[in-house]
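Protein chains in written order, with the numbering used here: chain A, 517 to 898; chain B, 517 to 898; chain C, 196 to 533; chain D, 196 to 533. Working notes for the structure below.
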Amino acid sequence: MDLTEAPEREAFRAEVRDWLAANVPAEPLPSLDTADGFAAHRDWERRMYDAGYAVVTWPERYGGRGADLLDWLTFEEEYWAAGGPVRVSQNGIFLLAPAMFEVATEAQLDRFMVPMARADEVWAQGWSEPDAGSDLAALRSRADRDESAGGWRLNGQKTWSTRGAFADWMFGLFRTDPESSRHHGLTYLLLPLDADGVTVRPIRQLDGEPGFAEVFFDDVFVPDDQVLGEVGQGWSVAMSTTTSERGLTLRSPGRFLAAADRLLDLTRRTPGASARVVDDAVDAWFDAEAYRLYVLDTALRALDGQQIGAESSANKLFWSDLDVRIHDAALRLLGPAATLTEGSDAAWLDGYLFSLAGPIYAGTNEIQRNVVAERVLGLPRG
Amino acid sequence: MDLTEAPEREAFRAEVRDWLAANVPAEPLPSLDTADGFAAHRDWERRMYDAGYAVVTWPERYGGRGADLLDWLTFEEEYWAAGGPVRVSQNGIFLLAPAMFEVATEAQLDRFMVPMARADEVWAQGWSEPDAGSDLAALRSRADRDESAGGWRLNGQKTWSTRGAFADWMFGLFRTDPESSRHHGLTYLLLPLDADGVTVRPIRQLDGEPGFAEVFFDDVFVPDDQVLGEVGQGWSVAMSTTTSERGLTLRSPGRFLAAADRLLDLTRRTPGASARVVDDAVDAWFDAEAYRLYVLDTALRALDGQQIGAESSANKLFWSDLDVRIHDAALRLLGPAATLTEGSDAAWLDGYLFSLAGPIYAGTNEIQRNVVAERVLGLPRG
Amino acid sequence: MTTMRLQPDEDALAFSVAVRDLLSQACDAPALRAAWDGRDGRIPGLWKRLAEMGVTGLVVPEKYDGAGLDLTGMVPVFAEAGRAALPEPLVETATAAALLTQAGGPTADEWLPRIAAGDAVVALGDGSPALVTGGQWADLFLIGAGSGVRVLTRDDANVEPAPSIDPGVGLARVTATDGAGRVIDGADGAAAFDWACVAVAAELVGLAQAMLDRSVAYAKVREQFGKPIGSFQAVKHQLADVFVATSFAVPVVHRAAWSVARAAPTRSRDASHAKHAAGRAAAQAARTALQVHGGIGYTYENDLHMWLKRTWSLTSQWGSTDWHKDRAARLLLTDEER
Amino acid sequence: MTTMRLQPDEDALAFSVAVRDLLSQACDAPALRAAWDGRDGRIPGLWKRLAEMGVTGLVVPEKYDGAGLDLTGMVPVFAEAGRAALPEPLVETATAAALLTQAGGPTADEWLPRIAAGDAVVALGDGSPALVTGGQWADLFLIGAGSGVRVLTRDDANVEPAPSIDPGVGLARVTATDGAGRVIDGADGAAAFDWACVAVAAELVGLAQAMLDRSVAYAKVREQFGKPIGSFQAVKHQLADVFVATSFAVPVVHRAAWSVARAAPTRSRDASHAKHAAGRAAAQAARTALQVHGGIGYTYENDLHMWLKRTWSLTSQWGSTDWHKDRAARLLLTDEER
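This is how it looks when you write it as structure tokens:
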């Protein structure tokens, strides 16, 4: 066992820390879910890209620096500790990119990766449909073959499309085999949201801002070179994404560590805080630290060539519960000021609202518990 | 609204308190689940009976004093506050008696009630079977008609029979219609445990003492005058019992209030107790008080002639969880001394072990949550 | 033989049913949404209608044209306000009426009739500046200052709206202009605080029941994996737990109202118990409602969010759920008897 | 490029597998039941077999015929002890070996070889009288006294067995006879305490995993309502939660072992985090195991109770789960940096 950080990693950490200290906006950017905020976040991503920090784990030819998982964890710790903005390109770089690097053609990589990394093209996800939420395999939006035009024609509807209100492109699953059911006959498609026949209806979330959108398709044409992976193989392509969504790369420990540290600061400067909320704050910090160690261990074993699997559902259960508890404790410390939407502490309320979505999206925690019970513990299906 | 206690009730409370102060054994009796302890508890019941306190709510002709539910709650508060012994006749006076008063013949009442109240005859319950625990309707022990002898012949097995190791009589459900299934064709029978063909195998519980027993029936004869209610109507007769088991009369608030008060005392004399356990102790006291008020409200509405129903499952969920939390907090306050089986605080460990059975027997809490969800909230069955 | 009763009196219950009927039309979801998107968060004309029905004067003594109810009779009315997520200063004004009734004197003579008539909204706070619910709407402020209570008219105070995620509580930062207002003789501010805590607890119970009802209704119709989500044990058990928590908070609130109305020695402990039990139940109901509703509950288009945000307001105002537990703990662990 | 590793070294893991194999026969359920019903709660001859395998000498330096392992290598071995509910003073004796190794001197020279050979059992306590696990079985006592550590032979102490619901921890009340024993120079009792806390945390993780395995196995075969109870969501979700709690405690224990072995500045905080996380997971596993087993788990005939009671012993000894949270809170909230 050895937890000492190699000198070159320490050097990387110091380099990242210095750059962030010099570049992270002093004032928090306006909300990502407003037009201005979206634009401001695009600019920030571009600055990160130019400095080589937008996608550290990607190959250099696409704007990355070929860093490994450990350096990525280091980067994330420093990024959130420095108060870096939410990543507007998150859907693309963390959800789509892993699938792209798995199955995309050279041409597709050359076409899409750099604009994705520079946030010139921001991606929205197209998973859920009105009747396919937790039950994703119930997807009905269809893509019909248009042989003459050499592509597919989409009809149907997606919903809960994060970033959908302002994004440029969408990736999602569509039923290319009308005879098929459940996980079969689905294909993974990429399409611009300004294509003919696409209608985007923003959905206002709890805070009143359009955090996601409904997207309607009326005979939307998608050429063959915007099919990701094999026709009909969409489900397996998507799974590599949703696994990484629940697994390592979307919910990096750095974010919760930073929030837990801020929670302890808030606790220290809250005289007369109730004994229980102080205890809950320490619990939350404990669990943020446990999450860091768990993900570190997973990353080290992955680097060691071991197979990573069951971790993802346990991960999602743990971080989504943790995120709610961190912010719930903070609001309780704020007492009567908890519901204020302006002032230095209002970020806690935003964070709480954001955290409440955690146990719901990317597979509700009820579904995740079923997955752990059935696939990890081997209990019989209901 | 009026919560002032009527003068005659205050008088009753004072009378009970004085008698208990003068009569409750200074030294706790040996465990009910040992032969000596069982005998000692019998003696105590007899003393209570002679003083008219064994069954205050029963008619005077059976040794009661015709008290109403409010006086009963008062009696229970005083009884547990005074540190009164566990009631060895509990199965009989709280589970069987309500059913007896519903459907028993005069002759049966005259035969059984007084010995039950004096604990001359202690009753064991015969509900569960090895394959019928939570799923009580899966009962298989059968009673075959013996027309010539004018009665029934029992074959099969019961288990988890509380008090079974030392009790004199058993009440239980047996399948009198071999063609029947589920809730149908069951009959409620009464039989002496020393009858020919009855084998009692005590089961040691967590503390190593035989708190319950398996009971085997090999062609055991039960005459017709030991059938309670109609043949084939056993389920509905039993339900009046299990309802009262989960409802008002078995888990009286007085017991939890007394435990919660002792918990606060323990908290006061535990310097440097952790903030969280102190908070949990206060929570437990709050909930004991809430339980008292909830049951008081139910009793008042019952006296007012209103129908009481849904309360029973919610009740059981609440008190069984509360009982565990009271004793869990106490053990945490005791720290390294928590597991000691001798000394002044060892009663907390006994109480904890006892409390752990609460969420399991009389319908597991998982079953109770289904009942609340389906019968109270009207959610669809699985 | 017994005259004991833990439920409110029949006439009080009957009146609360009438209030529910009024609010079910005048304060239905569309009206509520309009109020939230509106200028001041209130429902135009509703305060006057409540006054005409006699609601604003319920605790005002009869000699001031009120009904002279005590807190035990008010609990079911406040519960209805919670059930409807009513965006009006009912608790604040009623608490003020109770305080002025207790103190008497010229302020009472002047303001109690106006309160009964629905011509005055009163808000309460502690210290200066104070974060005050209903402060944006109040004509009069009763501000705890040390041991006494100070009366401030709108002119005596600087009132600055405090932007809250819940526009329906009219939150404001109120600062007394130096030396303005005067102290009311013999006003028991501590008793008024406990009075308000129990009133808010009643509102929280109503909120919890409303959120439970919405969640159960949704769980019966929303289908996933080919059946209603309400048929899954994971959903059933979460909802059953909310029902239990809410059911056991109700009698605690009634008993606290009795203790406050009778100035029982356990008044403050019981009031804190009520605010804690109701706050805990409502918070659990809110979390469960959101989880059961899933994505749809997370949208502004769905009505649920107004109940969630009212829950967040009321669990954090008038002493947070944690704060009341701490106060009760101090009272319980220092005095030896229950 | 990286040499970082949070898992114990391969050879330590391999050794722990060998320990598991031994215990799966020598400490199987029948042997355990016999020990619990036996005279002193131990398994006759097992300590010697562990010594022959090298287990008792793992932390003893090589010059004393030990293997010189540090705590990071011991974690998987202690986890196996927990998984088997081993009724032997392994943690106590190993902690003593670590303490004597750190202090050196004549006591180390005399006792470390005996420990390696399995000829000596050592127990630790704080103050006098002290409640000491393994105290019934110990040949030597290391008792914290103020800043120093006092050595007591059996003759120097009055050892009175303390009746526990768990006979497998050899609990005793140990009182030093006046002036007996001597203080070891330079012995770091505080470091030894943290060492023991992490060792017990490792045991608790093993206990949690064993109880989870038993519960899952039972839920697969026990049928009610015509299907295995493990197919009900209510059972599935409780077991899934135990799996999550246990999985996330493991790396915390490994990291704490590293901090203790390296005497890191965060040593005590990390040790408390480990004892708390493992204690919480084990307590949850115990409650869930009992609930899933139902009545059968409540019987003495079923083996489960021995794991439950060991969990109750270890969560309350060596600083309770609550106590460690409080200590960590003090350390976290007073120092500004992580």
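Even for Gly, the Cβ is constructed at its ideal location relative to N, Cα and C.
Buried is the label assigned to residue 398 (chain C), since at least 16 other Cβ atoms lie within 10 Å of its Cβ. When secondary structure is reduced to three states using DSSP, residue 486 (chain C) falls in the helix class.
Residue 824 (chain A) is classed as exposed because its beta carbon has fewer than 16 other beta carbons within 10 Å across all chains shown.
In the three-state DSSP reduction, residue 583 (chain A) falls in the coil class, being neither helix nor strand.
Annotation: Cβ neighbours of residue 428 (chain D) in chain C (cutoff 7 Å, chain order): 427, 428 and 429. Nearest Cα to residue 381 (chain C) within the set C:413, C:316, C:372 and C:294: C:294. For residue 641 (chain A), the uninterrupted beta strand (DSSP E) run begins and ends at 639-642, by DSSP. Close partners of residue 791 (chain B) in chain A (Cβ separation under 8 Å): 791, 792, 794 and 795. Scanning B:585, B:567, B:668 and B:777 for the CA closest to the CA of residue 817 (chain B) turns up B:585.
Classified as exposed, residue 534 (chain A) has fewer than 16 neighbouring CB atoms from the shown chains inside 10 Å of its CB. Residue contact with chain C for residue 783 (chain B): present (Cβ-Cβ distance below 9 Å to some residue of chain C). In this structure, the straight-line span from the alpha carbon of residue 274 (chain C) to that of residue 401 (chain C) is close to 4 Å. In this structure, the beta-carbon distance from residue 333 (chain C) to residue 346 (chain C) does not fall below 9 Å. Shown here for residue 224 (chain C): same chain residues with a beta carbon closer than 7 Å to its own, the five before and five after excluded, namely 498 in chain order. Residue 636 (chain A): not part of any beta strand (DSSP E); DSSP gives it neither H nor E. Chain-ordered listing is empty here: chain C has no CB closer than 9 Å to the CB of residue 581 (chain B), the nearest sitting near 14 Å. The C-beta of residue 337 (chain D) comes no closer than 9 Å to any C-beta of chain A. Between the beta-carbon of residue 359 (chain C) and that of residue 856 (chain A) there is about 6 Å, and that keeps the pair under the 8 Å contact cut. Three or more Cβ pairs closer than 8 Å define a contact, and the segment 600-611 of chain A meets that threshold against the segment 624-638 of chain A. Secondary structure in the segment 673-723 of chain A: the beta strand (DSSP E) runs of 3 residues or longer, each lying completely within the stretch, are 685-691, 702-708 and 714-719 in chain order. Contiguous beta strand (DSSP E) elements confined to the segment 324-356 of chain D occur at 325-327, 335-340, 343-348 and 352-356, taking only those with 3 or more residues. Within chain B, the residues placing a beta-carbon under 8 Å from that of residue 361 (chain D) are 855, ordered along the chain. Residues of chain A whose Cβ lies closer than 8 Å to the Cβ of residue 488 (chain D) do not exist, since the nearest Cβ in that chain is about 15 Å away.
DSSP places residue 362 (chain C) in the helix class (H, G or I) of the three-state scheme.
Residue B:590 holds the alpha-carbon nearest to the alpha-carbon of residue 524 (chain B) among B:590, B:861 and B:674. What residue 432 (chain D) touches in chain C, judged by beta-carbon distance under 7 Å, is 429, going in chain order. By the Cβ neighbour-count rule, residue 416 (chain D) is exposed, with fewer than 16 other Cβ atoms within 10 Å of its own.
For residue 202 (chain D), the chain A residues whose C-beta falls within less than 8 Å of its own C-beta are 517, 813, 816 and 817, listed in chain order. No Cβ of chain D is located within less than 9 Å of the beta carbon of residue 533 (chain A). In the pairwise beta carbon analysis, the segment 437-448 of chain C is classified as touching the segment 465-483 of chain C: at least three pairs are separated by under 8 Å.
Flagged as an interface residue toward chain D: residue 880 (chain B), by a C-beta distance shorter than 9 Å. For residue 239 (chain D), the three-state secondary structure derived from DSSP is coil. Per DSSP, residue 609 (chain B) lies in no beta strand (DSSP E) and is assigned neither H nor E.
When rounded, the separation of the alpha-carbon atoms in residue 874 (chain A) and residue 558 (chain A) is 24 Å. Excluding sequence positions up to five before and after residue 230 (chain D), its CB lies within less than 7 Å of the CB of 236, 237, 238, 282 and 363, all in the same chain and listed in chain order. Counting only the Cα atoms, residue 680 (chain A) lies some 11 Å from residue 715 (chain A).
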